[in-house]
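A short write-up of the structure that comes next.
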Ligand code: UDP
């Protein structure tokens with residue numbers, strides 16, 4: 198029988214590309230032909246740093262194809278509005294191109310037999326897959342509880358728990374979310390439910406349940422593991438029969454891949470990686486440094502940047518802070534770290550444009566992570582056994598930070614506050630006053646995460662089931 202040929206079609210954003218690329222590598226390791234369909238913009242950024250070459254050498258059955266994201270070259274691609282624009286643009290123009298790619302066939306690459314698509318492009322992927330007769334499996338790169346809170350939106354509206362009725366309603370407890378009863382406050386729901394962000398509801402949220410309830414994908418892949426999301430996964434399985442919890446994908450890939458692989462964890466970087474920060478970490482005492490990063494999309498006003506900076510400096514703790522070239526919003530941003538900050542940081546800190554995050558988090562000098570609670574960052578911290586201070590920005594991050602603080606007890610949640618005194622106090626709580634308590638729970642959690650991707654673990658067997666399932670539907 199010819200090898201199955203799977204096309205992976207991620208959304209146009211880094212966190213999504215990152216986790217789907219790990220899945221692509223895992224499938225390529227298991228004898229599948231794999232086509233990774235990236236946007237032109239993201240593909241070029243990978244290419245610039247040699248990632249495509251390294252990945253193609255390591256995985257001979259993995260190929261890359263591109264699709265335009267449809268936005269003009271200079272259109273911003275970070276910040277919450279850019280995210281909506283990117284998805285809207287993909288949804289409106291990508292259909293014919295996706296169809297063409299699914300139908301293409303060469304002597305080296307057999308016919309496509311399965312499509313794995315980003316769940317936020319679900320309706321688009323479902324239409325095309327249906328048209329060309331190829332089975333579709335959805336992949337959601339967001340936190341699972343957030344996926345579930347979005348999926349249950351119609352019920353939340355029906356039971357009058359939604360909409361959120363303004364700022365004064367933010368601390369109201371949501372009581373009817375199955376598997377998460379009485380856990381989330383309104384402020385912990387996915388940010389798309391907030392008034393100011395409701396413009397995102399149509400392009401993002403509604404597509405989720407529309408696709409699952411009416412367009413019927415063959416299954417759902419989630420980047421999580423049973424020990425952290427068991428109760429919610431049980432609820433999801435009542436609605437969607439084929440659910441594969443195969444995460445944390447980066448740890449899973451590390452546990453399965455051949456040891457001489459030419460790729461490193463940062464072989465999917467959009468910016469030039471500053472590896473010098475690892476050398477700087479080598480000279481810092483054990484667990485003395487707080488790593489600070491807000492991911493690939495978050496933008497900060499200059500005022501907020503300064504609140505964080507003063508908070509960090511006043512905490513008197515060492516810090517390694519990623520300030521992306523496009524992170525500071527506003528006209529005054531010229532893509533560089535503000536000079537006065539760089540100067541004032543030297544005593545105890547280091548600022549870089551982009552770090553090898555997985556490696557940094559695994560470094561023995563790191564004792565905490567101030568994060569925007571993106572799902573990849575959350576999983577990476579959890580696998581490395583690093584406690585977190587969460588400053589969620591948008592999307593699933595509000596839910597993720599609630600779980601980090603309230604359910605998994607892995608850190609503190611700064612939600613909806615950006616104040617230098619709060620930053621200073623929380624850094625000291627995490628790194629000094631409650632250090633042992635948080636380190637203990639983070640290390641216990643890291644063990645569970647590693648166990649889940651070991652041969653006796655739940656994610657390991659779920660990936661094996663996914664592999665068999667793809668083979669069975671790849672006719
Ligand atoms: N990341 C990185 N270096 C950095 C900052 C972030 O490699 O300096 C990676 C990080 O390891 C993670 C991804 O970028 O895999 C960010 O994804 P996440 O889901 O946390 O946030 P998003 O960027 O989607 O908001």
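In the numbering used here, the protein residues as written are 198 to 672. From the three backbone atoms N, C-alpha and C, an ideal C-beta is built for every residue, glycine too.
Beta carbon nearer than 5 Å to a non-hydrogen atom of the ligand UDP: Those satisfying the condition are, in chain order, 211, 212, 215, 490, 492, 493, 494, 519, 551, 552, 554, 571, 572, 573, 574.
Just to check my reading of the structure: residue 432 and residue 345 have Cβ atoms closer than 8 Å, yes? What is that Cβ distance to the nearest angstrom? Contact holds; Cβ gap of about 6 Å.
When DSSP builds the beta bridges, which residues end up paired with residue 337? 419
Residue from 584, 244, 238 with nearest C-alpha to residue 273: 238
Would you list the residues sitting across from residue 370 in a DSSP beta bridge? 382
By how many angstroms is the C-alpha of residue 331 removed from the C-alpha of residue 619? Spanning the two alpha carbons is a distance of roughly 52 Å.
For residue 580 versus residue 526, is the C-beta distance shorter than 7 Å? Not closer than 7 Å, so no.
Using DSSP's beta-bridge definition, name the partner residues of residue 490. 568
Please list the terminal residues of the continuous alpha helix (DSSP H) segment that includes residue 235. Residue 235 -> not in any alpha helix (DSSP H); beta strand (DSSP E) instead, spanning 230-236.
By the DSSP assignment, the alpha helix (DSSP H) with residue 474 in it spans what residues? 473-479
Confirm, please, whether the CB-CB distance from residue 512 to residue 624 is below 7 Å. Yes, they are a contact pair.
For residue 507 and residue 208, what's the separation of their Cα atoms in angstroms? 35 Å
Where residue 443 sits in the DSSP three-state scheme: coil
Assuming residue 473 and residue 520 form a contact by the criterion Cβ under 8 Å, report the distance between their Cβ atoms to the nearest whole angstrom. The Cβ separation is near 15 Å, so there is no contact.
Among the residues of its own chain, which have a CB less than 6 Å from the CB of residue 408, if the five just before and after it don't count? Below a pLDDT of 50, predicted positions are generally treated as unreliable, and residue 408, at 49, falls in that range; no measurement from the model is reported.
With DSSP collapsed to three states, give me the class of residue 376. coil
Quick check on this structure: which residue in 265, 378, 279 has the alpha carbon closest to the alpha carbon of residue 604? Nearest C-alpha to residue 604 among 265, 378, 279: 378.
Alpha-carbon to alpha-carbon, residue 607 and residue 642: Taking the straight line joining both Cα atoms gives about 8 Å.
Rounded C-beta distance between residue 546 and residue 509? I'm assuming under 8 Å. 7 Å
When you compare each of 629, 436, 494 to residue 522 by their alpha carbons, which one comes out closest? 494
Using only CA atoms, which one of 592, 622, 597, 484 lies nearest to residue 563? 484
Kindly give me the distance between the Cβ atoms of residue 334 and residue 311, rounded to whole angstroms, as I take these residues to be in contact under 8 Å. About 7 Å separates the beta carbon of residue 334 from that of residue 311, a gap short enough to meet the 8 Å contact definition.
The ligand ADP and residue 220: does the residue's C-beta get closer than 6 Å to at least one heavy atom of that ligand? Summarising the ligand content, the structure contains the ligand UDP and does not contain the ligand ADP.
Classify residue 640 as buried or exposed, calling it buried when 16 or more other Cβ atoms lie within 10 Å of its own Cβ. exposed
Does the Cβ-Cβ distance between residue 221 and residue 205 come in under 7 Å? yes
Can you tell me where the alpha helix (DSSP H) holding residue 220 begins and where it ends? 211-226
How many whole angstroms separate the CB atoms of residue 447 and residue 219, which I take to be in contact at a CB cut-off of 8 Å? 6 Å
Can you tell me which of the three DSSP states residue 147 falls into? Since the first residue shown for the chain is 198 and the last is 672, residue 147 is missing from the structure and cannot be characterised.
Helix or strand or just coil, what does DSSP make of residue 298? helix
With DSSP collapsed to three states, give me the class of residue 408. The pLDDT assigned to residue 408 is 49, lower than 50, so where the model puts this residue is not dependable; a value taken from the coordinates is nonetheless given after this. Residue 408 falls in the helix class under three-state DSSP.
Pairing CB atoms from the region 652-660 with CB atoms from the region 429-444, are three or more of them under 8 Å? yes
For the candidate residues 476, 586, 232, whose alpha-carbon lies nearest to that of residue 553? 476
If we count the other Cβ atoms within 10 Å of its Cβ and call it buried at 16 or more, is residue 301 buried or exposed? exposed
Just to confirm my understanding: we take residue 212, look at its own chain, exclude 5 residues before and 5 after, and list those with CB closer than 7 Å. What are they? Counting only residues of its own chain and dropping the five nearest sequence neighbours on each side, residue 212 has a CB closer than 7 Å to the CB of 338, 492, 493, 571, 572, 573.
Out of 374, 284, 578, point me to the one whose CA is closest to residue 601's CA. 578
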